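Take a look at the structure set out below.
Chains as they are written, first to last, in this note's numbering: chain A, 2 to 166; chain B, 2 to 166.
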């Protein structure tokens, strides 16, 4: 029997633990999309004047850990808008991907639930709440990965299933 | 001064009202991507053997309102895996898009926060929680819309800015 000393816990739509697992699940799928690209085409293949998938992936790497680190620690982050040529191999980029996986988990632990509705300037310039910024990071990855799927299909390569994370 | 009769409200990472606004913001962007397609290419243009954007949009329409209606009301929904040819104009599809916008708002109002962590079988077959199913609906739209961006770029058409909702 409930007593007044034990208030009922409020229902939660989505917890921070569930959101970071959701994000990492998407990142795990993106990792397999990177793996599916042949080494050369990862850096060179393009449709309609768009960036090769490697450059999109470098953008994602430039957003995830630096953006979350800035949110969690206050350390300013910058976005490189120049999209420079990548002087790395696919396997080195996959290593950066895995390092980012660890970094996200580390910074996520530093983020109390009270912070998610706080207004911030992500990368010193994009105003929003912490949660809207993080959702943007995730959505931007899904968006570019979807473009990577078209590149793979156009190269005659079957991409990994979208629903497998 | 706080008293024990006024318990402090628990911090919320993301509210249901914010999530549906986020979803509708994405749907507003997808609407502008549909508008950006020339009538003919919307139904015929394809890369790498993928579906024309119109068929992807019909999939999104087949998921959003029927899927959320099933969640909110218990009325069973089915997914048409056949992807039949579309016997509609772009303007008729935009009308369905706007009708779905209203339907989502309607069904969302019927969904109390206590339901989001409930386990369900979406479309009678995909097991997950209500929240994971809804996130899947949104993510699937971002994924296919990203593919629509490649189609547009390949057609020499500038897509709407990703960050404008």
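For every residue, glycine included, the Cβ atom is placed at its ideal position computed from N, Cα and C. As the structure is a computational prediction, the values presented were derived from the model and not from experiment.
Using a Cβ-Cβ cut-off of 7 Å, residue 58 (chain B) does not count as an interface residue toward chain A, since no Cβ of chain A sits closer than that to its own. Interface residue (Cβ-Cβ distance to chain A less than 7 Å): residue 115 (chain B) is classified as such. Closer than 7 Å to the CB of residue 154 (chain A) there is at least one CB belonging to chain B.
The three-state secondary structure of residue 102 (chain A), taken from DSSP, is helix. Listed in chain order, the beta strand (DSSP E) elements of length 3 or more contained wholly in the stretch 72-145 of chain A are 120-123, 127-130. Around the beta carbon of residue 153 (chain A), 16 or more other beta carbons sit within 10 angstroms, so the residue counts as buried. Close to chain A, meaning a Cβ-Cβ distance shorter than 9 Å, are the following residues of the stretch 100-124 of chain B: 113, 114, 115, 116, 117, 118. In the three-state reduction of the DSSP assignment, residue 54 (chain A) falls in the helix class, which pools H, G and I. With the rule of 3 Cβ pairs closer than 8 Å, the stretch 28-41 of chain B does not count as touching the stretch 135-142 of chain A.
When Cβ-Cβ separations below 7 Å define contact, residue 11 (chain B) makes contact with chain A. Excluding the 5 residues flanking it on each side, residue 131 (chain B) has same chain C-beta neighbours closer than 8 Å at 72, 112, 116, 117, 118, 119, 121, in chain order. For the stretch 11-38 of chain A, the set of residues with a beta-carbon nearer than 9 Å to any beta-carbon of chain B comprises 11, 12, 13, 14, 15, 16, 17, 19, 20, 23, 27, in chain order.
When DSSP states are grouped into helix, strand and coil, residue 14 (chain B) belongs to the coil group.
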